[in-house]
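In short: position in the sequence shown from 1, add 511, done, that's the numbering used here.
Every residue, glycine too, gets a C-beta built ideally from N, C-alpha and C.
Remember, it's a predicted structure, so these values are computed and weren't measured experimentally.
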Amino acid sequence: MIHSASGQTEQIPLAGRITLGRSAACQLCYPDDIGLSRQHLAISQINGAWHIEDLGSKNGTLLNDVRVERPTAFRPGDRISAGHLTLEFADPGNMAAFNVEFVDQAEKETTTVVADLDTVLGPHESAELDKTSVFQGNGQVRALIRAGRELAGHRPLSELFEVIMDLSMEAVMAGRGVLMTLENGDLKVRAARGAGFKISSTVRERVLKEKESLLVRDAQMDTALREQKSIVLQKVRSFIAVPLQTKDRVIGLIYIDSPDMIREFTREDLGLLTVMANVAAIRIEHARLNEVEAIERAMAMEMEQAAQIQMGLLPTESPKVAGMDIAGKTLASRTVGGDYFDYLTFPDGQVGMIVGDVAGKGLPASLLESSLQARVKVLFEESDHLAEKITRLNKATAASCPDNRFITFFMTIADPATGELVFCNAGHNPPIMMRADGETKLLDGGGVMLGILPMFKYQEFREQMQPGDVLVLYTDGVTEAESPAGEEFGDQKLIDLVAALRHRPAAEIVDAIHNAVFTFAEGAPQGDDITVVVARKI
């Protein structure tokens, strides 16, 4: 069983090899869980026992709170933690408790008149009125014409519900009524005339699930409903309940009744209200979609403005320093992104190069990225004490970072004249050091991601660049880019590409990596931002 952070539970039978992660190539795909890697873990059977295997995930996999380092057997009752998910291995012998049994009950004779939209409209599947229609009286025709005119305007939803309620009441001369729409599976009152409605759950289920229109001329005498105290207590002698139906989808219902027997509802009333509810439902959906579209347009404009602000915070040009050729570029997978890169120039002639990746995407990630950049600018006025400043940066980030967010971060301070590098890594992809002769080295070593452990102390490391050496900083949007078949670009493709390009200028290497990723993806939209920074010693 898989338990998510939202409280949802999913039961998955064990069979064959099962992979779990954010990638669509996994059998169990959770693309919105930012704590998971694209290919996070696998479950498989070895020598008759089920084993859990971590697939080199960034945040690790825990079995009973112990990190999984190699394929490890698990037993009933064991708990596996990955990202924000908890997997519990249940004994197959106890699974019968999850079965659901449905029983049939014999239907009783009723005096209820039942109709549906297709029956009322006839074979034309439209509200066209002809001699075969149920509408024979001028009153019903006039009511439909008026409804068409009233609903043809561009009213906001709040007004539209009130108009539909009034039209329904007047069309059949009802004593009171209520209009409700389905919101996340629950009925919400949108308009009402009268108070104290107590509608039978039997009526609700038949209207919403069976798409039936119901007319009960005397509810207290109906054999299916006479035991419903809600009907008896209200002294309801006649009611109509119809679905707000747009072709095949029910978005709510209209219920009207006549406690004081103003008039007895007829079969024609039922047909009229069924058609009016259909017209009203279509109009409600159009109005709702128009409002959603207006909100989305406004949000899109705000996101475009946010993207312009974010791009204005990123470097517009690379630093020009003697002894080193530097270039960088980022591309957000959405309008705004969580990738961050920057350059810092210091009075002593040294230059800082930074890449970061905020977990998640979109506006929340971009806000954290902007906050990170501001802190970096304040902390790094001088080029000394790199590890100490990253430790302070982590503490400040942890104080304001939500529990489900973190930031991977890499920073190096380079001396362009000597080629000496001092670097510190906070959970980020190890940069590639490509030597002039083609030898490859990864700048390993570092600490946890920013925002996770506020008291963590970071260490700094050193490396030496020689003329012709190339340093490549990047985010995982490069190596985790996917082809349409679900294959990842991977570390080795990037290393091979850098090796082939190591004699080219930094800007050309940056562009070539971006182009290679796009070609590999064959135009498929990518799920993560892509950032590359290249420094070449000259």
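Using a Cβ distance threshold of 8 angstroms, arginine 728 and serine 749 count as a contacting pair.
Threonine 583 has Ile563 as its beta-bridge partners, per DSSP.
For leucine 842, the uninterrupted beta strand (DSSP E) run begins and ends at 835 to 842, by DSSP. Residue environment analysis places histidine 939 among the buried positions, since at least 16 neighbouring C-beta atoms fall within 10 angstroms of its C-beta. Between serine 534 and glycine 997, the gap from beta carbon to beta carbon is short of 8 angstroms.
The Cβ atoms of leucine 982 and methionine 944 lie closer than 8 angstroms to each other.
In this structure isoleucine 918 touches leucine 961 by the C-beta definition: roughly 4 angstroms separates them, less than 8 angstroms.
Counting along the chain, the unbroken beta strand (DSSP E) around phenylalanine 750 starts and ends at 750 to 757. Residue range 918 to 925 is occupied by the beta strand (DSSP E) that includes phenylalanine 921. Look at serine 724 here: in three-state DSSP terms it is strand. Per DSSP, the beta-bridge partners of valine 981 are Met945 and Arg1047. For proline 942, the closest alpha carbon among the candidates Asp853, Leu883, Ala1046 and Phe1000 is that of Ala1046.
The alpha carbon of glutamate 716 has as its nearest neighbour, out of Pro754, Val683 and Gly705, the alpha carbon of Pro754. If you draw a 10 Å sphere on the C-beta of serine 724, you find 16 or more other C-beta atoms in it, and that means buried. For tyrosine 766 against isoleucine 710, the beta-carbon gap comes to about 6 angstroms, under 8 angstroms, which counts as contact.
The beta carbons of isoleucine 513 and isoleucine 523 sit closer together than 8 angstroms. Judged by pairs of C-beta atoms under 8 angstroms, the stretch 956 to 974 touches the stretch 902 to 918, as three or more such pairs exist.
Arginine 1013 and alanine 947 do touch by the CB rule: their CB atoms are close to 7 angstroms apart, below 8 angstroms. When secondary structure is reduced to three states using DSSP, asparagine 936 falls in the strand class.
The alpha-carbon of isoleucine 795 is positioned some 51 angstroms away from that of proline 587.
Around the beta-carbon of lysine 569, 16 or more other beta-carbon atoms lie within 10 Å, marking it buried. If you ignore the 5 residues before and after serine 515, its C-beta comes within less than 7 angstroms of the C-beta of His595 and Leu596, all in its own chain and listed in chain order. Ranked by how close their Cα comes to the Cα of leucine 984, the residues Gly867, Gln975 and Leu878 have Gly867 in first place. Distance check between methionine 691 and each of Ala792, Asp955 and His562 places Ala792 closest, using alpha-carbon atoms only. Here glycine 956 is exposed. Its C-beta has fewer than 16 other C-beta atoms within 10 Å. Ranked by Cα distance from arginine 590, the options Asp576, Ala1032 and Lys722 are led by Asp576.
The alpha-carbon of cysteine 935 is positioned some 6 angstroms away from that of alanine 898. Here alanine 593 is actually not in contact with tryptophan 561; their C-beta atoms are around 15 angstroms apart, not less than 8 angstroms. A distance below 8 angstroms separates the beta carbons of isoleucine 865 and phenylalanine 852.
Taking 8 angstroms as the upper bound for CB-CB distance, glutamine 1037 and glycine 988 are in contact here, some 7 angstroms apart. DSSP places valine 1021 inside the alpha helix (DSSP H), whose first and last residues are 1017 to 1032. In this structure, the straight-line span from the alpha carbon of threonine 1030 to that of lysine 1048 is close to 28 angstroms.
Using a Cβ distance threshold of 8 angstroms, glutamate 931 and arginine 973 count as a contacting pair. One thing to note: aspartate 768 has its Cβ within 8 angstroms of the Cβ of glycine 686.
The continuous beta strand (DSSP E) containing alanine 553 extends over residues 552 to 557. Boundaries of the alpha helix (DSSP H) harbouring glutamine 1003: 1001 to 1012, taken from the DSSP string.
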